[in-house]
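In the working numbering, the protein residues as written are 670 to 715. Below: the structure, in structure tokens.
Take a look at the structure:
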């Protein structure tokens, strides 16, 4: 069985890391989307 302190520390870590991971994924997706958009735009211009 887990002790209360272990569960509390795990919950705190999850509360910190999950939003950070989600934010990082969103930023990565936005960066890839913008990179693809600029690549498409430059190829269209030629």
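Note that CB positions come from ideal geometry on N, CA and C, so glycine has one too. From a predicted model like this one, the values you see are computed outputs, not experimental measurements.
- Look at residue 674 here: in three-state DSSP terms it is helix.
- Our two residues, residue 672 and residue 707, have alpha carbons roughly 52 angstroms apart in a direct line.
- Beyond the five residues adjoining it in sequence on each side, residue 698 comes within less than 8 angstroms, by CB distance, of no other residue in the same chain.
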